[in-house]
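To keep things clear, I will list the structure first and then write my remarks on it.
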Amino acid sequence: MSVAERLIQLGIQLPQLPAPAFNYVSARQYGSFVFSSGHTPTVNGELTVRGKLGADVSLQQGQEAARLCVLNCLAAVAGVIGDLDRVESVLKLTGYVASAPGFVDQPAVINGASALIEEILGEHGRHARTALGLAELPGGAPVEVDLVLALR
Amino acid sequence: MSVAERLIQLGIQLPQLPAPAFNYVSARQYGSFVFSSGHTPTVNGELTVRGKLGADVSLQQGQEAARLCVLNCLAAVAGVIGDLDRVESVLKLTGYVASAPGFVDQPAVINGASALIEEILGEHGRHARTALGLAELPGGAPVEVDLVLALR
Amino acid sequence: MSVAERLIQLGIQLPQLPAPAFNYVSARQYGSFVFSSGHTPTVNGELTVRGKLGADVSLQQGQEAARLCVLNCLAAVAGVIGDLDRVESVLKLTGYVASAPGFVDQPAVINGASALIEEILGEHGRHARTALGLAELPGGAPVEVDLVLALR
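Residue numbers (the working numbering), protein chains in the order written: chain A, 330 to 481; chain B, 330 to 481; chain C, 330 to 481.
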């Protein structure tokens, strides 16, 4: 099954990303490698949720935010490589979680991201990952994700 | 001297890592490159120390934790490539230190990681590195490390 | 125009970096890829500014600090590859901003870094990027930057 077919099956449409707000790019390809920018849970450039895990944002909200981050990352990658079927491997996912003091369940939040990647890319989505608790994230985002991918 | 011989000389045994707790992997190879997941100072999946530098965890404890993170990273890499003699170069080590307000000696903590890498891999272990002070880390870990490596 | 000519036109001289304080390196090359270490806003190894955005350090100071981080990163890369004209692409810039509670304008700080990269490297400097709010950075630095680059 192609990624496009899987997205339809999942009822997911990759978003159209607005251009970055400054002179950087949403993702950058070199040869077989693609690095995505860090993406936050935005829709049409607006955050859908703000705040920190362990304070204002629930675990479930955080997981949903993490899914949205991944969707934006994959949209950015698709914008550069055209077709997500070209992804051989997601080498690395780094998940950044805005964390109130004492919140240490970053992995559970980022599981939302890891799960969606596998839903969309299957075996090709199996990634190494790092989950971290940040003091603050851009615009008050609760989660940010970036990816390193390899193409076939 | 092979890495295996050096490990024996150092009295170090690479641990057997439990499988990750979710659908990601401990390290991911693509061609000549390997990305490790972020690893915390666990033994048999349990953290050996919890807390923050500058509060609950001493510099020496932090350095020991950083060594354990590296050991887990290298075990993860060995699990993927089989033999650490295949490592041509540790390209990048990123060291994440859970930091209480005002603790700014992240480099001294991460020196524990850098030192062990060189003990084990010699010249092939010479790496670029970034040391950072995080608000929180998974499970209350004081340190987390991830690696990017190149194979010969 | 060569990078050297552009630097002269900009009135910028790449600094001579002191050796790292421990057994890591300022940047590491493998084939077509270069990973820089994280660099803070130092001149001759001394931070020019300390503190956090949102508390002790203004946005403008933060942007100037971010420029200095980039200058140090590029000096490190030049020290490894010899000639910045060999840079085909800055694949990834990660910008770490020491952030007081409630400071969420990390992207504006890191724009200082992104702008300088484009001034110096032109189109070859177009990068994916991640901007993050850290609890603390080494030595009390307000900003730290690292790069992944590809060579032609």
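Glycine residues also receive a C-beta, built at the ideal position from the N, C-alpha and C atoms.
Would you please state the rounded distance, in angstroms, between the beta carbons of residue 471 of chain C and residue 401 of chain C? I believe it to be under 8 Å. 14 Å between Cβ atoms; not a contact.
Residue 311 of chain B in three-state terms, based on DSSP: Any property of residue 311 of chain B remains undetermined from this structure, which presents chain B solely from 330 to 481.
* May I ask you to report which of helix, strand or coil DSSP gives residue 474 of chain A? => strand
Can you confirm whether residue 469 of chain C, when its beta carbon is compared against all beta carbons of chain B, has any partner nearer than 7 Å?
yes
- Starting from the beta carbon of residue 417 of chain B, find every residue of chain C whose beta carbon is closer than 9 Å, and list them in chain order. 359
Residue 384 of chain B versus residue 407 of chain A - alpha carbon distance = 44 Å
Measure the alpha-carbon distance for residue 393 of chain A versus residue 461 of chain A and round it to whole angstroms.
-> 17 Å
Please identify the residue among C:330, C:331, C:361 and C:369 whose C-alpha is closest to the C-alpha of residue 347 of chain C.
C:369
I want to verify the contact list: residues of chain C whose CB lies under 8 Å from the CB of residue 435 of chain B, in sequence order. 465, 466 and 467
What number of angstroms, rounded off, separates the C-alpha of residue 287 of chain B from the C-alpha of residue 358 of chain B? Past the boundaries of the shown model lies residue 287 of chain B; chain B is included only from 330 to 481, so the question cannot be answered.
| query | Excluding the five sequence neighbours on either side, which residues of its own chain have a C-beta within less than 7 Å of the C-beta of residue 386 of chain C, listed in chain order? | reply | 378, 380 and 471
I want to verify the contact list: residues of chain B whose CB lies under 9 Å from the CB of residue 354 of chain C, in sequence order. 455, 456, 457 and 458
*Answer yes or no: do residue 441 of chain C and residue 396 of chain C have a C-beta to C-beta separation smaller than 7 Å?*
yes
Is it true that the CB of residue 420 of chain C sits closer than 7 Å to the CB of residue 364 of chain A?
yes
- Query: Using the rule of at least 16 other Cβ atoms within 10 Å of the residue's Cβ for burial, across every protein chain shown, is residue 473 of chain C buried or exposed?
  - Reply: buried
field: Straight-line gap, residue 331 of chain C to residue 479 of chain C (C-alpha atoms, nearest Å)
entry: 17 Å
### Residues of its chain near residue 316 of chain C, where Cβ-Cβ distance is below 8 Å and the 5 sequence neighbours each way are ignored
Residue 316 of chain C is absent from the model: chain C starts at 330 and stops at 481.
Exercise. For residue 445 of chain A, is the classification buried or exposed, using 16 other Cβ atoms within 10 angstroms of its Cβ as the cut-off for buried?
Worked result: buried
| request: Consider the Cβ of residue 420 of chain B: report whether some Cβ of chain C lies at a distance smaller than 7 Å. | output: yes
Problem set entry | Status (buried if at least 16 other CB within 10 Å, exposed otherwise) for residue 481 of chain B | exposed
- Message: Residues in the same chain with beta-carbon distance under 8 Å from residue 341 of chain B, minus the five sequence neighbours each way, listed in chain order, please.
- Response: 400 and 449
| field | Within 7 Å of chain B by C-beta, residues of the region 437 to 450 of chain A in sequence order | value | 440, 443, 444 and 447
Where in the region 359 to 427 of chain B do unbroken runs of the beta strand (DSSP E), each at least 3 residues long, occur, reported from the N-terminal end onward? 362 to 365 and 416 to 427
Cutoff 7 Å: residue 391 of chain A Cβ touching any chain B Cβ: no
query = Between the Cα of residue 335 of chain A and the Cα atoms of A:468, A:456 and A:452, which residue gives the shortest distance?
reply = A:452
Sort out for me which residues DSSP pairs residue 462 of chain B with in a bridge.
B:426 and C:465
**Prompt:** Taking Cβ positions only, does residue 432 of chain A come closer than 7 Å to chain B?
**Reply:** yes
Would residue 337 of chain C be called buried (16 or more neighbouring beta carbons within 10 Å of its own) or exposed? exposed
inquiry  = Using a Cβ-Cβ distance cut-off of 7 Å, determine whether residue 461 of chain C contacts chain A.
reply    = yes
Let me confirm a value: residue 553 of chain A is counted as buried when at least 16 other C-beta atoms fall within 10 Å, else exposed. Which label applies? Outside the displayed span of chain A (330 to 481) sits residue 553 of chain A, for which this structure offers no information.
**Asked** Going along chain A in order, which residues have a C-beta closer than 9 Å to the C-beta of residue 387 of chain C?
**Response** Neighbours of residue 387 of chain C on chain A: none; closest Cβ ~17 Å, over 9 Å.
Euclidean distance between Cα positions of residue 372 of chain A and residue 350 of chain C:
44 Å
Check: Which stretch, first to last residue, makes up the alpha helix (DSSP H) that contains residue 455 of chain A?
Finding: It is not in any alpha helix (DSSP H) - residue 455 of chain A carries neither H nor E in the DSSP assignment.
Inset, instruction - Confirm, please, whether the CB-CB distance from residue 458 of chain B to residue 366 of chain C is below 7 Å. - result: yes
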